[in-house]
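2 protein chains.
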Amino acid sequence: MEKADKKASILDAAERLFTELGYEGTSTRQIAKDSGANMSMINYYFGSKEGVFMEIMSKRIFGFNEQLLSISQDKLSHMEKLLKVIENYANRILCNPGLHKMMHRELTLSQRPEMFLKVKNSMANNLVVIEQIIDDGITEGSFRSVDVRMLIATVMGTISNVAISPAKITYGTTLDINNEDDKAVITDRLIAHLKDLLTVYLTPNNDK
Amino acid sequence: MEKADKKASILDAAERLFTELGYEGTSTRQIAKDSGANMSMINYYFGSKEGVFMEIMSKRIFGFNEQLLSISQDKLSHMEKLLKVIENYANRILCNPGLHKMMHRELTLSQRPEMFLKVKNSMANNLVVIEQIIDDGITEGSFRSVDVRMLIATVMGTISNVAISPAKITYGTTLDINNEDDKAVITDRLIAHLKDLLTVYLTPNNDK
DNA sequence: CAAAATTAATCAATCGATTGAATAGTTGTG
DNA sequence: CACAACTATTCAATCGATTGATTAATTTTG
Numbered sequence: 000m001e002k003a004d005k006k007a008s009i010l011d012a013a014e015r016l017f018t019e020l021g022y023e024g025t026s027t028r029q030i031a032k033d034s035g036a037n038m039s040m041i042n043y044y045f046g047s048k049e050g051v052f053m054e055i056m057s058k059r060i061f062g063f064n065e066q067l068l069s070i071s072q073d074k075l076s077h078m079e080k081l082l083k084v085i086e087n088y089a090n091r092i093l094c095n096p097g098l099h100k101m102m103h104r105e106l107t108l109s110q111r112p113e114m115f116l117k118v119k120n121s122m123a124n125n126l127v128v129i130e131q132i133i134d135d136g137i138t139e140g141s142f143r144s145v146d147v148r149m150l151i152a153t154v155m156g157t158i159s160n161v162a163i164s165p166a167k168i169t170y171g172t173t174l175d176i177n178n179e180d181d182k183a184v185i186t187d188r189l190i191a192h193l194k195d196l197l198t199v200y201l202t203p204n205n206d207k
Numbered sequence: 000m001e002k003a004d005k006k007a008s009i010l011d012a013a014e015r016l017f018t019e020l021g022y023e024g025t026s027t028r029q030i031a032k033d034s035g036a037n038m039s040m041i042n043y044y045f046g047s048k049e050g051v052f053m054e055i056m057s058k059r060i061f062g063f064n065e066q067l068l069s070i071s072q073d074k075l076s077h078m079e080k081l082l083k084v085i086e087n088y089a090n091r092i093l094c095n096p097g098l099h100k101m102m103h104r105e106l107t108l109s110q111r112p113e114m115f116l117k118v119k120n121s122m123a124n125n126l127v128v129i130e131q132i133i134d135d136g137i138t139e140g141s142f143r144s145v146d147v148r149m150l151i152a153t154v155m156g157t158i159s160n161v162a163i164s165p166a167k168i169t170y171g172t173t174l175d176i177n178n179e180d181d182k183a184v185i186t187d188r189l190i191a192h193l194k195d196l197l198t199v200y201l202t203p204n205n206d207k
């Protein structure tokens with residue numbers, strides 16, 4: 000309370016509004032109003048509305064890749080690595096589904112190429128880490144030979160789908176991802192499902 | 000050429016612009032300009048900008064569910080039904096990825112509740128059809144007992160991920176979903192992957 | 001005091017929507 | 001058939017509101 004820190008409060012308000020209303024749907028006036036700051040403070044600190052957006056993205060994306068990289072270098076079996084990466088990835092996305100929605104939206108728009116590249120590169124980085132692990136597992140013989148790119152689309156798509164779809168569509172009838180308790184349940188269920196799926200699918204066939 | 004049919008040309012231009020720039024990012028002036036119609040024609044025919052959007056959605060969503068329902072009533076095994084539904088679903092979405100992106104965007108925004116409900120209900124309808132097929136397969140014993148909702152998230156998420164992700168991220172390095180020839184290749188690859196995945200995952204374990 | 005932070009007021013541009021009038025096509029009437 | 005009445009379509013012009021951004025003045029801070 001002491002230190003106003005308008006800069007942070009602007010970012011907070013902006014992130015919430017962007018998440019809820021989209022980039023175009025959010026006005027700088029509303030950001031100012033919600034954060035208790037004057038309109039000019041937005042341009043004073045971030046240069047422009049787009050500057051605010053970029054700052055939010057940068058802050059959130061940072062550290063995402065490092066985490067995955069560190070796991071991929073752990074002393075684990077390929078399957079253990081893969082499952083750990085997925086668990087990490089799912090937790091990261093589901094702990095803030097709104098942000099993930101926002102990133103997804105920007106990724107499907109041809110506007111704002113700078114944001115597009117940022118999000119795209121971040122995703123691409125995550126992708127190569129996972130791809131490498133699966134590739135290693137296949138060449139080692141501990142994984143079946145599968146379409147790696149498509150399998151990654153399955154993993155990321157599943158997580159994304161759970162994070163994005165409106166509550167009652169994806170999960171049972173009562174669970175709501177906006178409820179904190181339910182969110183933990185959903186996350187666990189998602190991770191358990193992916194572990195089961197990948198274990199069954201990637202484990203080499205015994206017979207034949 | 001004879002008949003101008005401004006109404007259709009407005010819808011065409013609007014769909015292209017909405018897909019590319021998003022709903023908020025598209026102005027009625029640009030729709031008018033691109034379609035060669037006067038601005039007021041938009042309100043004359045559709046009442047409002049949102050009316051244009053709703054018309055596009057309605058047109059596209061219509062028939063989606065009937066198709067799936069008819070398949071689910073075919074005389075096929077549960078696995079055959081499931082695979083056929085998925086093949087249909089994938090083809091439908093990948094033949095017009097832009098539209099799917101647009102639907103997805105609207106689904107992640109709290110604005111425009113009418114659109115939201117339309118898209119959501121459409122998806123929910125598709126979901127129950129698939130869910131019923133898998134449920135039947137499980138009770139019959141031809142499928143393993145799995146987390147049905149999560150598996151559906153996997154199927155839909157995979158298709159969605161392939162349709163939405165920028166070309167070079169999801170598929171190999173050369174394939175581009177915006178190229179018509181490549182699109183066919185990607186679609187086939189996606190369907191083959193899902194068939195393989197579901198067959199392996201749902202087939203009951205022989206040993207143990 | 002000087003620099004940084006904050007404010008109210010205002011900018012030009014653009015937004016979605018509406019207006020009233022003009023044109024074209026159809027229908028009704030004798 | 002002829003002419004009036006009516007409906008549907010199209011248009012330029014403009015509406016008030018809102019957009020992101022900027023200005024210049026003021027306050028706070030070190």
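Sequences listed follow chains A and B, in order. Number 125 in numbering that gives the first Met the number 0 belongs to position 126 of the first sequence; there are no gaps in the numbering. Number 128 in numbering that gives the first Met the number 0 belongs to position 129 of the second sequence; there are no gaps in the numbering. Cβ atoms here follow ideal geometry from the backbone N, Cα and C, with glycine treated the same way. The structure displayed is predicted, hence computed values, not measured ones.
Rounded to whole angstroms, the gap between the alpha carbons of Ile-85(B) and Ile-190(B) is 8 Å.
With respect to the 9 Å criterion, Thr-153(A) and Thr-157(B) are classified as neighbours on the basis of their beta carbons. Annotation for Ser-39(A): the continuous alpha helix (DSSP H) segment containing it runs 38 to 45. Taking every protein chain shown into account, the CB of Asn-160(B) has 16 or more other CB atoms within 10 angstroms, so this residue is buried. Apart from sequence neighbours up to five positions away, the residues of its chain that approach Met-101(B) with a beta-carbon distance below 7 Å are Phe-17 and Thr-18, ordered along the chain. Within the same chain, Cβ atoms closer than 7 Å to the Cβ of Ala-36(A) are found at Lys-5, Ser-8 and Ile-9, the five residues on either side in sequence being excluded. Here the alpha carbons of Arg-59(B) and Arg-91(A) stand approximately 34 Å from one another. About 7 Å separates the CB atoms of Gly-136(A) and Leu-201(A); that is less than 8 Å, so the two are in contact. At least one C-beta of chain B is nearer than 9 Å to the C-beta of His-192(A).
Following the DSSP letters along the chain, one finds Asn-87(A) inside the alpha helix (DSSP H) bounded by residues 77 to 93. With fewer than 16 other beta carbons inside 10 angstroms of its own, Pro-203(A) counts as exposed.
The C-beta of Ile-163(B) comes closer than 9 Å to at least one C-beta of chain A. Here DSSP, grouped into helix, strand and coil, assigns Ile-55(A) to helix. One finds Asp-146, Arg-148 and Met-149 in chain A with Cβ atoms closer than 9 Å to the Cβ of Arg-188(B), taken in chain order. Counting C-beta atoms within 10 angstroms of its own C-beta, Tyr-88(B) has 16 or more neighbours from the protein chains shown and is therefore classed as buried. With 16 or more other Cβ atoms from the protein chains shown falling within 10 Å of its own Cβ, Asn-125(B) counts as buried. Note that the C-beta distance between Glu-14(A) and Leu-98(A) is below 9 Å. Residues of the stretch 109 to 140 of chain B whose Cβ lies closer than 9 Å to any Cβ of chain A, in chain order: Ser-109, Gln-110, Phe-115, Lys-119, Met-122, Ala-123 and Leu-126.
At a Cβ-Cβ threshold of 9 Å, Lys-117(A) and Ser-47(A) do not count as neighbours.
His-77(A) and Leu-150(B) have their C-alpha atoms roughly 23 Å apart.
Annotated as proximal: Ile-30(B) and Val-51(B), with beta-carbon spacing under 9 Å. The three-state reading of DSSP puts Ser-8(B) in helix, counting H, G and I together. For Phe-45(A), the number of other beta carbons within 10 angstroms of its own is at least 16, and it is reported as buried.
Below the 8 Å Cβ cutoff, chain A contributes Gly-156, Ser-159 and Asn-160 as neighbours of Ser-159(B), in chain order. Relative to the Cα of Arg-188(B), the nearest Cα in the group Arg-148(A), Glu-54(A), Leu-68(A) and His-192(A) belongs to Arg-148(A). If you draw a straight line from the Cα of Pro-165(A) to the Cα of Val-127(A), it comes to about 29 Å.
Each residue's CA atom was taken as its position, placing Glu-139(A) and Ile-132(A) some 11 Å apart. In chain order, Arg-104 and Thr-107 make up the part of chain A whose C-beta sits under 7 Å from the C-beta of Arg-104(B). At a Cβ-Cβ threshold of 9 Å, Gln-72(A) and Gly-21(B) do not count as neighbours.
Taking a beta-carbon distance threshold of 9 Å, Glu-14(B) does not count as an interface residue toward chain A. Taking a C-beta distance under 9 Å as the contact criterion, Leu-106(B) and Ile-176(A) do not qualify as a contact pair. Interface with chain A (9 Å Cβ-Cβ cutoff): Met-53(B) is excluded.
Residue range 179 to 201 is occupied by the alpha helix (DSSP H) that includes Tyr-200(B).
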